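Residue numbers (the working numbering): 993 to 1578.
Backbone N, C-alpha and C define an ideal beta-carbon position, used for all residues, glycine too.
Model, not experiment: these values are computed from the prediction.
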Amino acid sequence: MWGLLYLFLMLCEPLCCQAEATAAPVTPQSCSLDCIQQGSPACEYCRITRSDVRKALGFNSIERFGSCIPWPCFELLGDEDPKICQHYVQAPNDVKVEFLNDSNSQSDTIIVSWKPSYYGIAFLRGFQVSLQALGGTSVACQLFLFHRNLSLPASHAQRVYKSDPFPGLSLGSQYAVTVMALPVPEKWERFYRSEIFSTRSCAEKNGFEQCKNDWYPEHIEVQQEGSAITVTFNLAPPNLGIRSYFSLCCANGRKKYIDIIPDLTTNKTHHSYQLSDLQEGTNYTCEIAANEVDAVRKMFNVHVMHTQKDPSPRSVTPSLAFILPLSLVAVAVLGGCLAIVIRRRTKLQMKKFDIQPDIIDKHEEAGNQEELVSLRKNRLTPPRLLICYSSYDGPAHVKAVMQLGVFIQQHMATQVCLDLWDSLSVAEEGSMAWHCRQIRESDFVLVMCSRGFNQRPKPEDDDGDEDQAYSSDAIIQLIGAEVGRAKARGQDLSKYMAAIFEYSEETVIPTELRLISHYVLTGDLPLLFSHLHGVALHRPGAYLKIDHISEKGFAKVPAGAALQWAIYEAGMALEGKGQHSLEEGD
């Protein structure tokens, strides 16, 4: 009997856990800090506001809520029980991002959800959620606490906890969200969980017809009457403000570009234009788009058919029938004489310049064998790239490095590691330990060289700048030692690269890094892509074509334009800093 009862209870236990798992998510509630410190049951899961933190800490230096440093536990929960903030709590699980529908068409809004870990859940005091834009400095934080007398059972590890909404996120951008379990004792590195996500594009959120950069003609009709080719397409909605378009057709190495300005007074929904001077019997690949920066292009094909000419019905008169053969004979004789003269002259010229006729034949046969080289798809994950730099050249140079990392990650199929994007891990491990681990785990290491590698901070400089300068110098020495060992052993040096921005000179590259490949950015972006993915830019009869990373084309995308502007600002800042140093020397 007792055995049957025990078996029944064991079978019912998973059902109970499943009921707990399907419980409604726990959302934050508004309650005072006094309620949390007194342990009132009404304050189970509370949001902590900026005024609560100001009241607990006793100062008003926080301009906005969100430095994302774990707040002091005792000041917020009270110091009556010293053990309340000394236990280890494991990082949360199942961190997810949910998009909300709001009325703002220019930005996105999200809510973050997660589950607490089984380990240490009885000592869990709350959570802190931070959100940071990749490639930017903006950070938003939210703090949530349980009341001091609450101790969660293990079954609550299946409950879902949610944050408050994070509004105003830029569309089509990448963010990193981090959820920390509180309290955070010293020397504990598994208290948080981070996830990287991308906000929705304008078309995904607002619809195709509401987005200027995502719109393109959906309906295209091609008609041919005789030698005239007519193309009809649908116009953009008036609310987008698109007033002009362009068309580009290509075939056999020839291109035909047409500017299109529709007359909206006659037709506001469709427009037709003519394609002229196209070769008969040729297939053309055409594209049409709005005449806007970074507009989406619609592809279509045009087959130009042969036009049939009406045969003449007139009968041939006897005189014409007699004259025509004589004329053909005369033309044949004249053509033969002319061919003999041209052939003799050509042979004389070839003999004079020592040109072999078979070389010309081979050149003509291989005239149009240029083809596109596709990127190999046998790699399951993108290459991992660590970017090292010196912050001694100022915030403008650091911003240029960040924008370079954003561009490489978005448009060069590469996962970028940057200490600015992983500040929590850098703070836990230390800068040198973090860089050593990243050097081991990364496929490539790119050192952005600048004047800061060859300078030392003055004694009156801040300690933070001095530590950063010495840390950068130590990292360069570490990479230089790795390069030297690999060179001495005859190993491959392709893992390491050095680069400079256009405002720097090659003399800033440290001596220990002269053995590895070095590039000047942004002009050498195609070479950097070739290095990262192991593909050749050119081979006989073929070339590598990559959208948005050419010297002139990279600035057409938003990330490239931001990189170009950041490099310009950094160059101006370094130039002003150099002039200031010269004036001080005088």
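| Check | Outcome |
| --- | --- |
| Endpoints, the beta strand (DSSP E) within which Met1172 is located | 1166 to 1174 |
| Pairwise C-alpha distance: Tyr1511 and Pro1518 | 10 Å |
| Identified DSSP bridge partners for Asn1085 | Lys1107 |
| Continuous alpha helix (DSSP H) stretch holding Pro1387: start and end | 1387 to 1403 |
| Span of the alpha helix (DSSP H), counted from its first residue to its last, around Asn1198 | 1194 to 1198 |
| Contact set for Ala1149: own chain, Cβ-Cβ below 7 Å, skip 5 residues either direction | Lys1107, Pro1108, Ser1109, Tyr1110, Ile1113 |
| Residue range of the alpha helix (DSSP H) that includes Ser1423 | 1423 to 1433 |
| Assigned secondary structure, Phe1138 (DSSP; H/G/I helix, E/B strand, else coil) | coil |
| 3 or more residues per run - each beta strand (DSSP E) lying fully within the segment 1514 to 1563 | none |
| Supposed close pair Ala1281, Tyr1208 - CB separation, criterion 8 Å | 6 Å |
| Nearest residue (CA-CA) to His937, options Ile1379, Asn1226, Ala1220 | Not covered by the structure: residue 937. The range shown for the chain is 993 to 1578. |
| Identity of the residue in Leu1123, Gly1199, Ile1221 nearest Pro1159 by Cα | Leu1123 |
| Unbroken beta strand (DSSP E) run spanning Ile1028, endpoints | Unbroken run through Ile1028 is the alpha helix (DSSP H), 1025 to 1030; no beta strand (DSSP E). |
| 8 Å CB neighbourhood of Leu1116 in its chain, flanking five on each side removed | Val1081, Pro1108, Phe1138, Leu1144, Ala1173, Leu1174 |
| The segment 1545 to 1564 / the segment 1415 to 1428 touching (three or more Cβ pairs under 8 Å) | no |
| Beta bridge counterpart(s) of Arg1376 as assigned by DSSP | Gln1407 |
| Burial state of Glu1356, where buried means 16 or more other Cβ atoms lie within 10 Å | Any reading at Glu1356 needs caution, since the residue's pLDDT is 40, under 50, leaving its predicted position unreliable; the model's value is listed next. It is exposed - the Cβ of Glu1356 has fewer than 16 other Cβ atoms within 10 Å. |
| With 16 other Cβ atoms within 10 Å as the buried cut-off, status of Ala1491 | buried |
| For Gln1030 and Ala1554, the rounded distance between their alpha carbons | 51 Å |
| Rounded separation between Ile1379 and Met1440 - CA only | 7 Å |
| Cβ-based burial, Arg1140 [other Cβ within 10 Å; buried from 16] | buried |
| Gln1266 in three-state terms, based on DSSP | strand |
| CB contact flag (Val1121, Val1176, <8 Å) | no |
| Per-residue DSSP class, three states only, for Lys1047 | helix |
| Environment of Gly1328 [buried if 16+ CB atoms lie within 10 Å] | exposed |
| Alpha carbon of Asn1259 to alpha carbon of Thr1277, nearest angstrom | 27 Å |
| Residues that Val1512 bridges to, as DSSP identifies them | Ile1492 |
| C-alpha distance - Met1394 paired with Ser1496, whole-angstrom precision | 17 Å |
| Given Met1564 as reference, the closest of Asn1096, Glu1494, Glu1201, Ala1146 once Cα atoms are compared | Glu1494 |
| Among Gln1215, Val1223, Ile1234, nearest to Asp1206 - alpha-carbon criterion | Ile1234 |
| Phe1546 and Thr1514 closer than 8 Å at C-beta | yes |
| Proximity of Val1475 and Leu1524 at Cβ, strictly below 8 Å | no |
| Reduced DSSP category for Thr1299 - H, G, I as helix; E, B as strand; rest coil | coil |
| Alpha-carbon spacing of Gly1526 relative to Ser1542, whole angstroms | 17 Å |
| Local Cβ density within 10 Å of Cys1242, reported as buried at 16 or more and exposed below that | exposed |
| Distance, Ser1155 Cα to Gln1202 Cα | 30 Å |
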